[in-house]
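Colleague: Residue numbers (my numbering): 1312 to 1626.
The beta carbon of each residue, even a glycine, is placed where N, CA and C say it ideally should be.
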Amino acid sequence: MDRRWIHTVCYILALFLSVLLPSVSSLRIGAFNVRVFGKSKASKPDVMNTLSKIIRRYDIILIQEIRDSKGTAIQQLLDKVNRDSKTYSYGMIISDRVGRTNSKEQYAFFYRNKSADGIEIVSSYMYDDGNETLGNDVFEREPFLVKFHVKPAVVKTFALGAIHVKPEQAVEELTKLGDVFTDAKSKFKTENVIILGDLNADCSYVPKKDWPKIPVRNDPAYHWLIGDEVDTTVKDSTDCAYDRFILTGTKFYEAVIRKSALEVSDHYPIELELSVVMPTNFGSNQINFDDKPVSLLLLIVVGILGAIFLQRRHN
Ligand SMILES: *[C@@H]1O[C@H](CO)[C@@H](O)[C@H](O)[C@H]1NC(C)=O
Ligand SMILES: *[C@@H]1O[C@H](CO)[C@@H](O)[C@H](O)[C@H]1NC(C)=O
1312 MDRRWIHTVC YILALFLSVL LPSVSSLRIG AFNVRVFGKS KASKPDVMNT LSKIIRRYDI
1372 ILIQEIRDSK GTAIQQLLDK VNRDSKTYSY GMIISDRVGR TNSKEQYAFF YRNKSADGIE
1432 IVSSYMYDDG NETLGNDVFE REPFLVKFHV KPAVVKTFAL GAIHVKPEQA VEELTKLGDV
1492 FTDAKSKFKT ENVIILGDLN ADCSYVPKKD WPKIPVRNDP AYHWLIGDEV DTTVKDSTDC
1552 AYDRFILTGT KFYEAVIRKS ALEVSDHYPI ELELSVVMPT NFGSNQINFD DKPVSLLLLI
1612 VVGILGAIFL QRRHN
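(1) If I measure Cβ to Cβ from R1555 and keep anything under 6 Å in the same chain, skipping five residues before and after, which residues do I get?
(2) Counting by C-beta, which residues lie closer than 5 Å to a heavy atom of ligand 2, in chain order?
(3) Determine, using beta-carbon pairs with one atom in the stretch 1413-1426 and one in the stretch 1371-1385, whether at least three such pairs fall under 8 Å.
(4) Nearest by alpha-carbon distance to L1373: which of L1338, P1463 and G1472 is it?
(5) With a 10 Å radius around its C-beta and 16 neighbouring C-beta atoms as the bar for buried, classify S1515 as buried or exposed.
(6) Would you identify the three-state DSSP class for F1450, choosing helix, strand or coil?
(7) Evaluate contact between the stretch 1611-1618 and the stretch 1349-1368, counting only Cβ atoms and requiring at least three cross-stretch pairs below 8 Å.
(8) Smallest Cα separation from A1353: which of Q1387, V1527 and F1421?
(9) With distance defined between alpha-carbon atoms, name the residue in L1507, P1523, V1347 and P1478 nearest to F1469.
(10) If S1370 and I1430 are in contact, beta carbons under 8 Å, what's the gap, nearest whole angstrom?
(11) Return yes when at least one heavy atom of ligand 1 lies under 6 Å from the C-beta of K1425, else no.
(12) Please list the terminal residues of the continuous alpha helix (DSSP H) segment that includes V1392.
(13) Taking the beta carbon of G1341 as the centre, do at least 16 other beta carbons fall within 10 Å, making it buried, or is it exposed?
(14) What is the DSSP secondary structure of L1373, counted as helix, strand or coil?
(15) Quick one: what does DSSP say S1400 is sitting in, helix, strand or coil?
(16) Identify, in the order they occur along the chain, each residue of the same chain with its Cβ nearer than 8 Å to the Cβ of A1532, setting aside the five sequence neighbours on each side.
(17) Look at Y1564 and V1491 and say whether their C-beta atoms are less than 7 Å apart.
(18) Drop a sphere of 10 angstroms on the beta-carbon of V1347, count the other beta-carbons inside from all chains shown, and report buried for 16 or more, exposed for fewer.
(19) Looking only at its own chain, which residues have a Cβ that is under 6 Å from the Cβ of I1505, when we skip the five neighbours before and after it?
(20) Count the other CB atoms, across all protein chains shown, that sit within 10 Å of the CB of K1350; report buried if there are 16 or more and exposed otherwise.
(21) For L1621, count neighbouring C-beta atoms within 10 Å of its own C-beta (all shown protein chains included) and say buried if the count is 16 or more, exposed if not.
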């Protein structure tokens, strides 16, 4: 008799956990300025190992400061990641080469392209910020915008916009960032946009007196997920929150797991986590958050059964 009870309780507990657990998983997004990534870094096995390890921590990660003009270094990194990765394979989408001088950079997103995450790229474009030749362009390095669709995510459609702001013109560039959001929202037809990357948005590049000039900083529709107090720099001598996530979209903001946005360590990227609903062990059904009441009900059932069980043992 007792044994049957134990089985029942265990079964219900397992059922309960399987319903609860999906809400614990998340979609992890990172942004990483790898500092002058080219042939030299690609030729160092230690560096490549470390980068590969970092990248494989993420579902989607922005890599910045890709410098090599032939594009072989970043391909080597992608190959390395795919050789090292047991569970997932990674795909890449890479931007045009941007920058006003000969020292140009590319942005790339690595993303898990074959996994339960079901991450798909819908479309992408380079932000048109004016004509460089005529000198009326806004950004040193135009933002690169990518629209993603992630089937198991609570907010399934969203856009990520990569930018590496020019340090000496951080105030001017940040002041114009609202236009990039507006453009992305209208082109992608979504409210859910994150601009992410090395915004150089702190310390001497953005003195305190200049913050009031920056609309995306003062409009409450924009959420800055990495606070000013955070140090996203590697050097001990600097304590600056250069790397940031700026997010819009009410539902999207709610889907960000609280306190998940952080700098992982001095040598790591910044990251945030979005709520997802993963497939359970029971067939291919996806449990969604509407099932929370079911979890609660099961919790109550388990509680009652547990109480009965203990009572019986007592008698
Ligand atoms: C994922 O991307 C890699 C690298 O580009 C590619 O070789 C692979 O075929 C892709 N897999 C899927 C399922 O798209
Ligand atoms: C920028 O302006 C120059 C000079 O007028 C012109 O030759 C060039 O085609 C323009 N570029 C673009 C992308 O419109």
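Modeller: This is what the structure holds:
(1) Only L1510, A1512 and I1537 meet the Cβ criterion.
(2) N1442, T1444 and L1445
(3) yes
(4) Of the candidates L1338, P1463 and G1472, the one whose C-alpha sits nearest the C-alpha of L1373 is G1472.
(5) exposed
(6) It is coil, neither helix nor strand.
(7) Look at the beta carbons and you see the stretch 1611-1618 not touching the stretch 1349-1368: under three pairs across the two are nearer than 8 Å.
(8) Q1387
(9) Looking at the Cα atoms, L1507 is the closest of the given residues.
(10) The sequence shown places Asp at residue 1370, not Ser. Yes, they are in contact, since the Cβ atoms of D1370 and I1430 sit about 6 Å apart, within 8 Å.
(11) yes
(12) T1383 to D1395
(13) The residue in question, G1341, is buried, as its Cβ has 16 or more Cβ neighbours within 10 Å.
(14) strand
(15) coil
(16) T1559.
(17) no
(18) exposed
(19) L1471, F1556 and L1558
(20) So K1350 counts as exposed.
(21) exposed
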